[in-house]
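Q: This is the structure I have questions about; it appears just below.
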Amino acid sequence: MMMGEDLLFREIRPSEYWPPVLPNGKFRAVPKGALRELEILEVTDDGLRCEGVSFAWSEIEGISISGDFVCLLSTKYITGGLKFHISICSFIDRLGSVYRLINGYSVGYCLMNRIKFEQQGCLYELVSRSGRN
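Residue numbers (my numbering): 4 to 136.
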C-alpha cells in the first residue's frame with residue numbers, strides 16, 4: 004500500500020467505515036520467525052503498541068507486502084518495522100469477541116486500512132492547521 008495515495012473511506016454506520024478499518028482492540032498474528040499466533044499489537048486511538056514498543060500513527064512510514072508477509076515500516080526502531088504473516092490474523096475487540104474477518108476483509112487488511120485511515124486524518128489535520136487546502 005502506497006502511503007502517498009489517498010483512499011476514500013465512507014462512513015456506513017456511526018464509527019464504521021468502508022473499506023473496513025480495525026477498531027481499537029488486540030491484534031493477533033504470527034510474527035516472522037514464530038510458529039504460532041500471538042498478540043502482537045494493541046490498536047489504540049494514538050497508534051499501535053505492544054510490550055514497550057509503540058508506533059504513533061504518524062510514525063508508520065509505509066506498509067510492505069511480500070508473499071505472505073506484511074511489514075509495517077518505521078525508522079523509529081532499529082529493526083525498521085514489524086513483520087507478520089497476513090494469512091493468520093485475528094482481532095479481539097473490547098468485549099472479548101474474536102474476529103478473523105470484518106465485513107468480508109481479513110483483519111490484517113483492516114489493520115492496514117486503519118493505518119491509512121489514521122494517517123490521512125493526521126495529514127488533513129496538519130494541513131488544516133497550517134492553513135493549506
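Yeah, the Cβ is synthetic: ideal placement off N, Cα and C, and Gly gets one too.
What is the DSSP secondary structure of residue 81, counted as helix, strand or coil?
A: In the structure shown, residue 81 sits in coil (DSSP, three-state: anything other than H, G, I, E or B).
Q: If you follow the beta strand (DSSP E) that residue 69 is in, where does it begin and where does it stop?
A: 65-69
Q: What's the C-alpha gap between residue 74 and residue 64?
A: The alpha-carbon separation between residue 74 and residue 64 amounts to approximately 11 Å.
Q: What ranges does the beta strand (DSSP E) occupy inside the region 13-60, keeping only unbroken runs of at least 3 residues that lie completely in it?
A: 13-16, 19-21, 28-34, 41-46, 50-53, 56-59
Q: Where residue 114 and residue 15 are concerned, what is the direct C-alpha to C-alpha distance, given to the nearest angstrom?
A: 18 Å
Q: Given residue 31, which residues of its chain have a CB within under 8 Å of its CB, disregarding the five upstream and five downstream residues?
A: 40, 41, 42, 43, 92, 93, 94, 95
Q: Just to confirm my understanding: we take residue 29, look at its own chain, exclude 5 residues before and 5 after, and list those with CB closer than 6 Å. What are they?
A: 42, 45, 95
Q: Which residues in the same chain as residue 13 place their Cβ atom closer than 7 Å to its Cβ, once the five residues preceding and following it in sequence are excluded?
A: 20, 21
Q: From residue 9 to residue 112, what does the alpha carbon distance come to, in whole angstroms?
A: 16 Å
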